[in-house]
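Going down the list, the protein sequences come from chains A and B. Here our numbering runs 1 ahead of the position in the first sequence, where the first position is 1. Note that our numbering gives residue -2 to position 5 of the second sequence, counting from 1, and the numbers run on in steps of one. Below is one structure; the comments refer to it alone.
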Amino acid sequence: MKQKIYFDYAATTPIDPRVVKAMEPFFNKKFGNASSLHCFGNDTKKVLEKNRKIIADAINAKEDEIIFTSSATESNNIALKGVAFANKGKHILISSVEHDCVLNSAKWLKGRGYDVEFLPVDQYGMVDPKEVEKKIRKDTILVSVMHVNNEVGTIEPIKEIGSICRKNNVYFHTDAAQSFGKLQIDVVSMNIDLLTVSSQKIYGPKGAAALFIRDGVKIEPLLHGGGQEMNMRSSTENIPAIVGFGKATELCLKEMKEENKRLSKLRDRIIKTLLKEVKDCYLNGHPKERVSNNVNVRFSFIEGESILFMLDSFGIAISTASACSSPKLEPSHVLSAMGLKHEEAHGSIRISLGRMTKDKDVDYLLSVLPNVVEKLRLISPHKK
Amino acid sequence: MYSKEVLKHFKKPHNYGKIENPDGLGIVGNMACGDEMFVYLKIKDNVIKNIKFETFGCVAAIATSSVVTDLVKGKTIKEALKITKQNVIDALGVLPPIKIHCSVLAIDALNEAIYNYYLKNEISVPEEIEEKHNQIIKRESCHS
């Protein structure tokens, strides 16, 4: 059978078997509604609170500052819209490299009279905290800058941004979907008011995520109903997914140091080899301030979707944000914000590593990718 | 998302490469838009004796380039000009709707190569080709 190798862990991760095992009893044995008063409900209520504590401890928050949601997209929607609805002031600052769910929530608010302003980034996709300081106004209600960029892996200076926001009495939200479980997060020392984390990026199930809301932050819920999650997110809690999320978090924290060491070694080997062996190949994103599992490179004269499908025919799964792969046929807003020309953005691919990536997988990738680039360049009119 | 036939042409495209001293060369699209095609022609007695392409672009751009060269190789210029985007799509089974413009681009590249052949050989350009040429060079947005 043809081998199939996954290099798209930044998109989603498989569920760790240890997580699957932890979830199993909660499908049909311990299935109670956490709001029910009988013993079935009581059992799941306890489990719910236990897992809330796991998430809270992971980011140095208090238990009642964590609400469970269904996805990072939902958490980010609550953070932006919830803060906008609950506070006076119309000005919202977000980075220009945010994930679509932050970007489009902000744009939606803009269409309803909010004044949304974008923070520029440098050539590596990094926000300058000084820009935040410069752009904060009296009527600014929220600053949202992601912790790690999902496309290029750049680590944003959120601690510095957090302290600027706190000093100016402005709420600071960070989308930590790509960093949670990979980088240390301390919402207290980092002066974070709202933070989004997700289960499906850390070998947990889809359908579970959380939003940290610091005590005292004024925010409105988006879902109204039975008053679950401290009235912030009505819906019967998805206990199996939350249990999986909790277990996945525990495992990530326990293995974080070792795993980061292992993955950054593999990451650096891929980057070094490609830059050395493939002509006209460049790194996108920061060379040092970079999450351990992200490689994003661009190849001149060829197009990302072609690279993706050619690699797919060798059983290698990567991703691209090239225009041709997007429904709108527009190049990635992240690469564009970094100042890349359209033709440079078109030739970019993301290779993201994870728990199941082995040395031999990287060997295989590095034996195939340079040939794929060569082959596509033979077809291109712009080969040298 | 792509049909078997599209992927077949993409993985092993037919007639790719350059022709030195072509009788006609057509260039359409540009790198900023994400796809650019070069079509090279060798023509004798109004018959396309040889055709090659070079394409920068996505899977569909490469596959449609390959199919167009197959469809017109050995045909007369007149026959070649009758190729429609539907012929290209039919030859590939199916194209995702968002990629239909790639098939248009490949046909445009062929038209431009034939236009270039007429100019080079100082043959008066038939009105139909002239008109299409004017439409192609006027096109401003990337994927209209």
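Where is the CB? At the ideal position from N, CA and C, for every residue including glycine. Please read all numbers here as calculations on a predicted model, not as lab measurements.
Item	Value
Counterpart residues of G17 (chain B) in DSSP-defined beta bridges	B:L34
Anticipated Cβ contact below 8 Å, I68 (chain A) with M233 (chain A), distance rounded	5 Å
Listed by chain order, chain A residues near T69 (chain B) by CB distance under 8 Å	None at all; the shortest Cβ gap to chain A is about 26 Å.
Beta-carbon proximity check, R378 (chain A) vs I319 (chain A), cutoff 9 Å	no
Per-residue DSSP class, three states only, for T77 (chain B)	coil
Candidates B:L0, B:G86 and B:V60: closest to S314 (chain A) by CA position	B:L0
Y9 (chain B) in three-state terms, based on DSSP	strand
Exposure label - E278 (chain A); buried when at least 16 CB within 10 Å	exposed
Those residues which DSSP pairs with C282 (chain A) across a bridge	A:F300
Counterpart residues of H28 (chain B) in DSSP-defined beta bridges	The displayed chain sequence assigns Asp, not His, to residue 28 (chain B). Paired residues: B:N23.
Supposed close pair A23 (chain A), G245 (chain A) - CB separation, criterion 8 Å	6 Å
A177 (chain A), enclosing beta strand (DSSP E) - first and last residue	Where A177 (chain A) is concerned, there is no enclosing beta strand (DSSP E), given that its DSSP letter is neither H nor E.
Limits of the unbroken alpha helix (DSSP H) element including R167 (chain A)	I159 to K168
Cβ of P6 (chain B) within 9 Å of any chain E Cβ	Structure shown: chain E not included; protein chains present are A and B.
For S190 (chain A) and K359 (chain A), the rounded distance between their alpha carbons	35 Å
Given 8 Å, three or more beta-carbon pairs between the region 70 to 90 of chain A and the region 207 to 226 of chain A	yes
8 Å CB neighbourhood of I76 (chain B) in its chain, flanking five on each side removed	V61, L64, V65, I100 and L103
Sheet register partners of H92 (chain A) (DSSP bridge)	A:D116 and A:T141
Residue span of the beta strand (DSSP E) that contains T197 (chain A), given as start and end	L195 to S199
Cβ neighbour criterion (16 or more within 10 Å) applied to Q201 (chain A)	buried
Rounded C-alpha distance that separates V11 (chain B) from V198 (chain A)	In the sequence as displayed, the identity of residue 11 (chain B) is Lys instead of Val. One C-alpha to the other measures close to 52 Å.
Proximity of L309 (chain A) and I271 (chain A) at Cβ, strictly below 9 Å	no
Proximity below 9 Å, CB of I156 (chain A) to CB of H39 (chain A)	no
Three-pair Cβ contact test at 8 Å for the region 175 to 189 of chain A versus the region 59 to 68 of chain A	yes
Cβ neighbours of C95 (chain B) in the same chain (closer than 6 Å, five flanking residues each side left out)	A53, A54 and T57
Chain A contact for V87 (chain B) (CB, 9 Å cutoff)	no
V144 (chain A) beta carbon less than 9 Å from that of V117 (chain A)	no
Cβ of I130 (chain B) within 9 Å of any chain A Cβ	no
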